[in-house]
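One structure below.
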Amino acid sequence: MKTLLIIKANTFAWLQAVFPDRTPLMASVCNKPLMEYLLDFAIMCGSRHIRLATDMSPAKVEAVFGDGGRWGVELTYALIRESDDLAAVLLKNSRYCFGSRLLVMEGCFFLRYDKQRDYASFMKTAAPGELMSCATGRILIHDDTPFQPALEADESPPPMALTHLQSIGDLYRQSLRVLEHDAHQYVLPSYNTEGDVYLGRNVMIARSARIEPPVIIGDHVQIHKKAVVGPNAVIGRNVIINAHSQVRRSVILDKTYVGDHLVLDQKMVGGCQLVDPSKDTMVKLEDAHLLSSIQILQGWERNRFQRLGHGALAAFLWVCLAIPYVVLSFALKLRGQWRRKEETYWANRRGRTTRLAGVSFNSSGLCGRIAARLALDRYPLLGRVILGDLALIGTRLLTSTVANRAIIEMDASYRPGIFNYVEAENWPVPEPDQDIINNFHLARQTLFYDLVMMAKVFLNKLNKETALCESISK
Amino acid sequence: MRIDQQVMNNICVLIPRGRIDAVSAPIFQEQLTTGDDDNKVVDFSDVEFMDSSGLGALVASTRRLRAQHGDIKIACLYDKVRRTFELTHADRLFDIYDDTEAAVRSFAPEKSE
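Those sequence lines, one after another, are chains A and B. Taken in order, the first sequence gives residues 14 to 487; the numbers are from the working numbering. Taken in order, the second sequence gives residues 3 to 115; the numbers are from the working numbering.
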């Protein structure tokens, strides 16, 4: 038997609306990703080949689950589109699905099962078709081989049920339900278990702090003096609970700081967002001393050496282009062809904005053409690269609109640069496709790579302007 | 890079082999956009590597064929090249099949219209 998991982004829209920075595919119940419950269930059903078909980037899932070797299965990934129905997904994966009994789990739900029961025999003999469904998903058996009914059909199926997940409240209730009543039915992630206390790795608990079961605490958690955690608390990974705080009947998501003397009861918290699951209302706290995200710097923000390299090259360009900038800006200003423009842009993925003052000019005259060749429209922004606010070359700068924020949240790789990689390409790329090309280069970037790309940008500018001049002279 | 061509159920199947890079991308783009058929399948099973030029050629050709009510479908995308599609989010633009015949079959309803 093989298993096909079909998970689409739109089924997690409720999670994205409240916690846009969380990866939907890694949404978890009791610190265990929903997908891992499905993986465990598929293995219990006798699957040795499991495929995840999704319209989201499976990169983060792949980083955790890899090729499935840790579970003793072969886990593969397939890319589908939001509009694909089941028939289209099966067609897209026809080589994988062909000639085998297939367990299909489609949608966003919590699957209740019992790790001590035998599901493999039931799955072998169950008739093809839908096994069960809920408002947000279903499980079915697809079989293109002739079906032979079981001889002993009187055996009752092992317990399994789907619980729909369509709000933060559902996720919260499911987490606490598993913790309070059903923990023995699943393999929950813990390094050490004592009674109803599940502890992750590298957990620091102050001597005066109190833990009241049932509680599950993830890896790398600090609980400071006189804090009270539990009963019924789910603490994610990389969480700090400061002194004298109380967390009960609550779920704290990964990378969250809980300030001192804070009482959290029946709440769900992720970063600075506080959700009341009973009403599905969310409050964003501005005071970082109360609640905040623990930022783990990645990529560009973490790589100081690369930022220094970009800054140094920007300083070099700033010095080299200073005289042309002063002379040409003066000449273009006299002709009224030089305009200043200011706009606010998204500075990083975390929602910080920055106001940038650039210039624009008419590049039809001789001065304008030279200024365009030397990319003088970017000259005022070089200072921001030297300060480390922006990259010299990266993705295109997006203005601070809600639509662009959505683009940034979908793309894991937003590194705004005053030049972008598309400018180094040999042919023009239409705007909607520019992000594809920029993402390609961003995945490969090193300091040396960026230097080469910058050289290509300037060569391209020179060639384009030369071609323009030639066409004008003809 | 070498590009083989096959016709399956009246659909042109292009099978590039080797590397699609800045040198071979123009040839790749030409092959994608020439011919009478506006529906094409690209079988990537023998592509070792594709860079931004190849991706740009594929995206530009797809836009062009779609404007003519055609399409390009991708088949047999494995590991390295699949990651390129994922990283760049080009997967949102294409229908990707794990089997060439299935990709060809997916054009069938359009053909019969």
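Note that the Cβ used here is the ideal one computed from N, Cα and C, for glycine as well.
Give me the DSSP bridge partner(s) of Val10(A).
Since the first residue of chain A shown is 14 and the last is 487, residue 10(A) is not available in this structure.
Kindly indicate if chain A contains any beta-carbon less than 7 angstroms away from that of Ala119(B).
There is simply no residue 119(B) to check, as chain B begins at 3 and stops at 115 in what is shown.
From the DSSP output, in three-state form, read off Pro28(B) for me.
Secondary structure of Pro28(B) (DSSP, three-state): helix.
Within 10 Å of its beta-carbon, does Ala91(A) have 16 or more other beta-carbons around it, so buried, or fewer, so exposed?
Buried.
Along the chain, where does the beta strand (DSSP E) containing Phe87(B) start, and where does it finish?
Counting along the chain, Phe87(B) falls outside any beta strand (DSSP E), though it belongs to the alpha helix (DSSP H) covering Asp81 to Thr90.
So that I know if they touch, is there some Cβ in chain A lying closer than 7 angstroms to that of Leu16(B)?
No Cβ of chain A is located within less than 7 angstroms of the beta carbon of Leu16(B).
Ile74(B) bridges to which residues according to DSSP?
Partner(s): Lys42(B).
From Ser180(A), Ala140(A) and Asp131(A), residue whose alpha carbon lies closest to that of Met173(A):
Relative to the Cα of Met173(A), the nearest Cα in the group Ser180(A), Ala140(A) and Asp131(A) belongs to Asp131(A).
At a CB distance below 8 angstroms, what residues from the stretch 40 to 69 of chain B approach chain A? Give them in sequence order.
Contacts with chain A (Cβ-Cβ distance below 8 angstroms) from the stretch 40 to 69 of chain B involve Asp53, Ser54, Ser55, Leu57, Gly58, Val61, Ala62 and Arg65, listed in chain order.
Taking DSSP's pairing of strands, which residues face Gln8(B) in a bridge?
DSSP output for Gln8(B) lists Val15(B) as bridge partner(s).
Spatial neighbours of Thr102(B) in its chain, beta-carbon cut-off 7 angstroms, leaving aside the 5 residues before and after
Result list for Thr102(B): Val15, Val43, Asp45, Ala77 and Cys78, in chain order.
Skipping 5 residues on each side, what residues in its chain have a beta carbon closer than 6 angstroms to that of Thr357(A)?
Closer than 6 angstroms at Cβ, skipping near neighbours: Thr366, Arg368 and Ser413.
Please give the ranges of any beta strand (DSSP E) in the stretch 428 to 460 of chain A, keeping only runs that are unbroken, at least 3 residues long and fully inside the region.
The DSSP assignment places complete beta strand (DSSP E) segments of no fewer than 3 residues inside the stretch 428 to 460 of chain A at 430 to 433, in order along the chain.
DSSP three-state call for Thr24(A): helix, strand or coil?
Three-state DSSP puts Thr24(A) in a helix.
Quick one: which residues of the stretch 454 to 480 of chain A get their C-beta closer than 7 angstroms to a C-beta of chain B? List them in chain order.
Those residues of the stretch 454 to 480 of chain A that come within reach of chain B (Cβ to Cβ, closer than 7 angstroms) are His454 and Ala456.
Counterpart residues of Ile236(A) in DSSP-defined beta bridges
Bridge partners of Ile236(A): Ile218(A) and Ile254(A).
Test item: CB-CB of Phe96(B) and Ile13(B) under 7 angstroms
No. Outside cutoff.
Work out the CA separation of Pro227(A) and Val398(A) for me, nearest whole Å.
When the Cα atoms are used, Val398(A) and Pro227(A) turn out to be separated by approximately 50 angstroms.
For Met467(A), which residues of its own chain have a beta-carbon under 6 angstroms away from its beta-carbon, when the five flanking residues on both sides are left out?
Ile406, listed in sequence order.
Taking a contact to mean a Cβ-Cβ separation below 7 angstroms, would you say Leu277(A) touches Ser263(A) in this structure?
Yes. Within cutoff.
Rounded straight-line distance, which links the Cα of Met118(A) to that of Cys147(A):
When rounded, the distance between both Cα atoms is 12 angstroms.
Kindly give me the distance between the Cβ atoms of Leu394(A) and Gly371(A), rounded to whole angstroms, as I take these residues to be in contact under 8 angstroms.
With 8 angstroms as the limit, Leu394(A) and Gly371(A) qualify as a contact, their Cβ atoms being about 6 angstroms apart.
From Gly208(A), Val42(A), Asn452(A) and Pro429(A), residue whose alpha carbon lies closest to that of Leu184(A):
Put simply, of Gly208(A), Val42(A), Asn452(A) and Pro429(A) the residue whose alpha carbon is nearest the alpha carbon of Leu184(A) is Val42(A).
Are the beta-carbon atoms belonging to Val271(A) and Ile248(A) less than 7 angstroms from one another?
No. Outside cutoff.
Is there contact here, the stretch 341 to 351 of chain A with the stretch 371 to 388 of chain A, by at least three beta-carbon pairs under 8 angstroms?
Short answer: they touch.
At the 7 angstroms Cβ level, is Val442(A) part of the contact set with chain B, yes or no?
Cβ-Cβ to chain B under 7 angstroms: yes for Val442(A).
If you follow the alpha helix (DSSP H) that Phe329(A) is in, where does it begin and where does it stop?
DSSP places Phe329(A) inside the alpha helix (DSSP H), whose first and last residues are Arg317 to Cys333.
Cβ of Tyr434(A) within 7 angstroms of Cβ of Asn451(A)?
In contact: Tyr434(A) and Asn451(A) (Cβ atoms closer than 7 angstroms).
Please confirm whether Tyr99(B) has its beta-carbon closer than 7 angstroms to some beta-carbon of chain A.
For Tyr99(B), the answer is yes, since a Cβ of chain A falls inside 7 angstroms of its Cβ.
Decide if Asn11(B) is buried, meaning its Cβ has at least 16 other Cβ atoms within 10 Å, or exposed.
By the C-beta density criterion, Asn11(B) is exposed, having fewer than 16 other C-beta atoms within 10 angstroms.
Using a Cβ-Cβ distance cut-off of 7 angstroms, determine whether Thr102(B) contacts chain A.
Thr102(B) does not count as touching chain A.
Excluding the 5 residues flanking Asp80(A) on each side, which residues of the same chain have their C-beta closer than 8 angstroms to its C-beta?
Taken in chain order, the residues that qualify are Glu87, Leu88 and Thr89.
Could you spell out where the alpha helix (DSSP H) holding Glu50(B) opens and where it closes?
Note, Glu50(B): premise wrong, no alpha helix (DSSP H); beta strand (DSSP E) at Val49 to Met52.
Any C-beta of chain B sitting closer than 7 angstroms to the C-beta of Arg108(A)?
Arg108(A) counts as touching chain B.
Is DSSP giving Met69(A) helix, strand or coil here?
Looking at Met69(A) - three-state DSSP - the assignment turns out to be coil, as it is neither helix nor strand.
Any C-beta of chain A sitting closer than 7 angstroms to the C-beta of Leu89(B)?
Judged by the 7 angstroms Cβ criterion, Leu89(B) is in contact with chain A.
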